[in-house]
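S.K.: Residue numbers (my numbering): 20 to 120.
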């Protein structure tokens, strides 16, 4: 049975994970929210898609509910020191994804 999931944010990502653990993950298609996408330090960021990706990959920081486990903040600290806006917190590993995107 093929299943499509409309998901946004942490709740949607957890539902998608539970579904993928219940049926064959190859039968699950996740349609994620891009309505909250934004540009941060010149990079395209998709917060909900990233949360879904990290959750399904098993690397979501469950304590914070966003970002990756074992995150470091060197790039953010450097940007802050240079006067850049850093209200939207992106860790180093998170930045790597956005650079590749």
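Ideal Cβ placement from N, Cα and C applies to all residues, glycine included.
Which whole-angstrom value is the C-beta distance of residue 74 and residue 33, which I expect to be below 8 Å?
M.R.: 6 Å
S.K.: How would you label residue 71, buried or exposed, when you count the other beta carbons within 10 angstroms and need 16 or more for buried?
M.R.: buried
S.K.: Could you name each continuous beta strand (DSSP E) segment of 3 residues or more that falls completely within the stretch 32 to 86, going from the start of the chain to the end?
M.R.: 47 to 51, 57 to 59 and 62 to 64
S.K.: Whose CA, out of 60, 88, 119 and 68, lies closest to the CA of residue 97?
M.R.: Closest by alpha carbon: 60.
S.K.: Go ahead and label residue 50 buried or exposed: buried means 16 or more other beta carbons lie within 10 angstroms of its beta carbon, across all protein chains shown.
M.R.: exposed
S.K.: Bridge partners for residue 26 per DSSP, in chain order?
M.R.: DSSP lists 51 as the bridge partner or partners of residue 26.
S.K.: Apply the 10 Å Cβ neighbour rule to residue 69 and answer buried if 16 or more other Cβ atoms are within range, or exposed otherwise.
M.R.: Residue 69 should be labelled buried.
S.K.: Within 10 angstroms of the Cβ of residue 106, are there 16 or more other Cβ atoms? Answer buried if so, exposed if not.
M.R.: Answer is exposed; the Cβ neighbour count stays below 16.
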